[in-house]
Amino acid sequence: MSTLRTLIVDDEPAARQVLREELGGFDDVTVAGEAASGEEALAQIARLEPDLVLLDLQMPGLGGFDVIHRLPPGALPAIVIVTAYDRHAIRAFEAGALDYLLKPVGRDRLEKTLNRVRQLRRNPAGVAESIVRLSEIPAADGPPRGVRPGRKIAGKSGSTYHLLDLDDVLAFQAEGEIVWILTARQRFMATGTLRDIAARLAGSAFQRVHRNALVNAGHVRKMTPLTSRRWMLTLSDGRELIVSKRQAHNVRRMLQW
Amino acid sequence: MPSLDQPLLINILGHAAGALIFAIFLCLLFSGRGWSGPRGRNLAGLAGALSLVWNLGSLAALVRPGMPPAVLNLVVAVSFSALSLLPAVLLHISLGDSQPGLVVCGYSLSGVAVVAHFLELAGHGASLHQLALLVITVGFLLLAGTAAALAALRPGKGAPSGGGRILASMCLALFAMSFVHFGSGHASHAWSSELVVHHAGIPLALFVLLQDYRFVLLDAFVRFLANALLAAVLAWLVIAAAFRLALAERVRRDPLQEALLLIAIGLFLAFFAWLRDRLHSWLTHAVFLQGGLERLAATLRDGPAFSDERAYLDWAAARMAAAARTGDCAVVAQNEAPGAAGLRTPAGAGLLAGSPAAEKWNWAETVVPVRLAAGDSRLVLLGHRQGGRRYLGEDLDALARAAGVMEERLESMRREEMDRLVAQAELRALESQINPHFLFNALNALYGAIPREASGARRMVLNLADIFRYFLQSGQTFVPLADEMRIVQAYLEVEKARLGDRLEIAVQADDAALAVPIPVLSIQPLVENAVKHGIAPRPEPGYVRIRAARQGESLRVTVENSGGDSPGASSGLGVGLQNVRRRLEICYGPAARLELEFHGGRTVVELSLPLAHGEKQSP
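One line per chain: the protein sequences are A and B, in this order.
Throughout, the working numbering is defined as the position within the first sequence, counted from one, plus 4.
Throughout, the working numbering is defined as the position within the second sequence, counted from one, plus 1.
Put into structure tokens, the structure is as follows:
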């Protein structure tokens, strides 16, 4: 069994010590590193590429949710939130069936969580989905966490999953069973069907332009009539899509051109 | 076109109307609508039945004069016997129990007349028949006069006023006088005084009967009668018009005429409905005195704020009584009056009959249900209205609306109280004084500071954190029993660490019970109480045993502890238990039970909750 390389993120040394001690009781878990702030956590995640991050929510500077929104590109770790008391967030975790730990964390509870993490590791798409769901938990009433970060979507490249900003996505394109997420740099495989994605993105800048394509209206740069019934959309990276006139009008209405 | 100048026709119509009226009366009386007091239903029923028999018998004799003489004589004897008994019963109803002598006299006279009628049947000639009628006439004239005189001399003794009694007696006298005309054969000319007096008995008997009858009966009755009369008059007009216009002939010749006829019938029905409504509202305003309850609902809605449910109920009942202009009102729990179970709209007080306290409430005329929760309602009892007013259909509707307003108010009061009680039980007030982040981070640091080897101490910190978290952040009214039991377990472990061997713990919960939703913190306070009163103050070892199991349609939780053989000391139940009891009452009404018992050296608290209620009330 592969070991779980774990990063502990908490601003309180005593809290980190408790988790480190408790994790020491599990043979297949190693503590790869510790971070005392959100900024440090982001650096450590990029550097260490841990399998699991135990992430405190309340930290000075970048909090736990900020860390999730700024996760560096690359393979995604499983993230388990650790909190002392956050009624709002806990309600959201429970609604999204996300695992979380409450301080003080006892060994029994930690073991249950680690079991779930081990199962989740066998399903990278599940890890990505859980992070997307974490990223979608709205801010508690209280001071807003800076500018509201954009929404995320998980995409697969090779064998690793990435968390993508929806604003960076140009379009979704279905090819048979596979749905591609097109970004300026590369394309990723989406985790759901085009229909699921369209349902989840309802009300956003994404517009269905074809039976098998959703396009980000924010990235449409040019619309040219080809024939009486077909138009060509040019996206910000120069990619061209042929769509029906009716769909093109939908996009135009959305952009208020 | 039928003519209204044949004595036979008038007689048949008169008796048919009489039979119909008394049949309606009997139906109303025994259907329970309009019945508003346990007293005298049998007498009224008897009087109605006698009138019905008389009318039916006379009708039979008039319609089928060709019956065999023996049968005809029997029918006549039975119908006249019924008629002879009627004044005695009416006198009894009219006098009540105030003049037993007169009542006995009346029954004796009737008895003599009945015997005379049947002797006549055995062939003793028509003279007996005449004699019997004379006995009734003279006898009841005297009795009615005496009764009227006595009522005038001793006013205020019986229930309806002396004036009503006198009037009833006079009617009875008039009724008795009509008997003189019987037996001399029907007059040959139409509309003779004989015919008029003959059928005057019907309204007179009704008047006497309705003296003691709640107006609701008259309300329903007069409305029914008004409907029937209106329909009859309109039908007669239409038939007359149809005859005059020779419609049948025209329709046969011309389909257009047929269409016109159908349209006319439709219009006629619509007109009937409209006219009926107008008649009803006119009856309400003119014949029955106007209610005065229209503004009651608004008054109750805009009433002052009350913190206590009972105080609001009493205030609202007093407002209701004031609006209805009655001096008597009371608020009682529905389970005190089994007859009112499931009552949704105001009704006559007859349904209180059979309640253990029916005697106490014999002043009540109307019962207004106020539903608090499923299976839990209060009844507002209202007494006799001043000025001879009655509880009419409109008044009952207004009372129902007022009860609806009360229900809304009470529901919001209960919601607020529930929130307050839960907050109190959960020490949520702590949240404003202790920063929960500080508390749990401090407990976390404490946990870290305890060496791993001291597993007992670490476990205690975990338990404390669990307990505080449950108190602070449950934020909901209902939780699964499993959650509550986990906290009970944690709480007992903390107490065990404190009390050591003095506390022995046994917790047993069926798997089937663990998923049942229960009001948050409804068991922990019982356990806390058990430790506080049963174990902590005593030097000797004791135990706390908790059992939770589903039993049929309820969840039963028992908390048993040693000690507590002094009921006097714990009779106050404690704030925590009072809080639990009140919240159970709000959530489940009388369906939930919380009982505290002392059996030689141990205390048992038993909690029983219905299964079905929880889910629908949880947020």
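Note that the Cβ used here is the ideal one computed from N, Cα and C, for glycine as well.
Pair within 8 angstroms by beta-carbon distance, residue i and residue j
i, j, result
"V115 (chain B)", "L86 (chain B)", "yes"
"L297 (chain B)", "A365 (chain B)", "no"
"A399 (chain B)", "E295 (chain B)", "yes"
"A426 (chain B)", "P526 (chain B)", "yes"
"E494 (chain B)", "I524 (chain B)", "no"
"R234 (chain A)", "K249 (chain A)", "yes"
"V13 (chain A)", "L56 (chain A)", "no"
"G384 (chain B)", "D420 (chain B)", "no"
"G159 (chain A)", "I185 (chain A)", "yes"
"Y89 (chain A)", "V131 (chain A)", "no"
"R503 (chain B)", "G565 (chain B)", "no"
"A36 (chain A)", "L52 (chain A)", "yes"
"L170 (chain A)", "I157 (chain A)", "yes"
"I13 (chain B)", "L60 (chain B)", "yes"
"S378 (chain B)", "Q335 (chain B)", "yes"
Distance cut-off 7 angstroms: residue i Cβ against heavy atoms of the ligand MG
i, result
"V115 (chain B)", "No copy of the ligand MG appears in this structure; indeed no ligand is present at all."
7 angstroms CB neighbourhood of residue i in its chain, flanking five on each side removed
i, result
"R120 (chain A)", "D103"
"P611 (chain B)", "E554, S555, Y589, A592, A593"
As assigned by DSSP and simplified to three states, the class of residue i
i, result
"W364 (chain B)", "coil"
"F479 (chain B)", "strand"
"K107 (chain A)", "coil"
"T228 (chain A)", "strand"
"G82 (chain A)", "The amino acid occupying residue 82 (chain A) in the given sequence is Ala; Gly does not appear at that position. Three-state result, A82 (chain A): strand."
"D467 (chain B)", "helix"
"H385 (chain B)", "coil"
"G602 (chain B)", "coil"
"Y589 (chain B)", "helix"
"V151 (chain A)", "Because V151 (chain A) carries a pLDDT of 45, less than 50, the predicted location of this residue cannot be relied on, and the following value inherits that uncertainty. Coil."
"L578 (chain B)", "helix"
"L444 (chain B)", "helix"
"G146 (chain B)", "helix"
"F176 (chain A)", "strand"
"R372 (chain B)", "strand"
Neighbouring residues, chain A, relative to residue i (Cβ below 7 angstroms)
i, result
"Y448 (chain B)", "V22, P108"
"L463 (chain B)", "P108, G110"
"A466 (chain B)", "P108"
Opening and closing residue of the beta strand (DSSP E) in which residue i lies
i, result
"A498 (chain B)", "That residue, A498 (chain B), is in no beta strand (DSSP E); its alpha helix (DSSP H) goes 482-500."
"P518 (chain B)", "518-520"
"L294 (chain B)", "From DSSP, L294 (chain B) is part of no beta strand (DSSP E); its letter is neither H nor E."
"L186 (chain A)", "182-187"
Range covered by the alpha helix (DSSP H) that runs through residue i
i, result
"G196 (chain A)", "Per DSSP, G196 (chain A) belongs to no alpha helix (DSSP H) and is neither H nor E."
"G267 (chain B)", "256-283"
"V1 (chain B)", "Past the edges of chain B, shown from 2 to 620, lies residue 1 (chain B), and the structure says nothing about it."
"M68 (chain B)", "That residue, M68 (chain B), is in no alpha helix (DSSP H); it is neither H nor E in DSSP."
"M63 (chain A)", "Per DSSP, M63 (chain A) belongs to no alpha helix (DSSP H) and is neither H nor E."
"Q48 (chain A)", "42-52"
"V532 (chain B)", "Premise fails: V532 (chain B) is in no alpha helix (DSSP H) and is neither H nor E."
"Y313 (chain B)", "310-325"
Other residues of its chain near residue i: CB distance less than 6 angstroms, five sequence neighbours each side excluded
i, result
"A483 (chain B)", "L515"
"V369 (chain B)", "P347, V381, L400, A404"
"S609 (chain B)", "S555, R557, R594"
"L259 (chain A)", "A221"
"G100 (chain A)", "R137"
Nonlocal neighbours in the same chain, by C-beta distance under 8 angstroms from residue i, ignoring five residues either side
i, result
"D511 (chain B)", "A549, A550, R551"
"R459 (chain B)", "Y448, I451, R453"
"A229 (chain B)", "L21"
"V113 (chain B)", "A133, V136"
"G184 (chain B)", "Note that G184 (chain B) scores a pLDDT of 47, beneath 50, so its modelled location is shaky; the value from the coordinates is reported in the next line. Closer than 8 angstroms at Cβ, skipping near neighbours: A127, H130, Q131, L134."
Where residue i meets chain B, residues with beta-carbon distance less than 8 angstroms
i, result
"Y89 (chain A)", "P437, H438, L440, F441, R470, L473, Q474"
"E16 (chain A)", "N442, N445, A446"
Cross-chain neighbours of residue i in chain A, by beta carbon under 9 angstroms
i, result
"L515 (chain B)", "Within chain A, no residue comes near L515 (chain B); the closest Cβ sits about 18 angstroms away, beyond 9 angstroms."
Amino acids of chain A, ordered along the chain, whose beta-carbon sits closer than 8 angstroms to that of residue i
i, result
"R453 (chain B)", "E25"
Contact set between residue i and chain B, taken where Cβ atoms lie within less than 9 angstroms
i, result
"Q62 (chain A)", "H438, N442"
"A19 (chain A)", "N442, N445, A446, G449"
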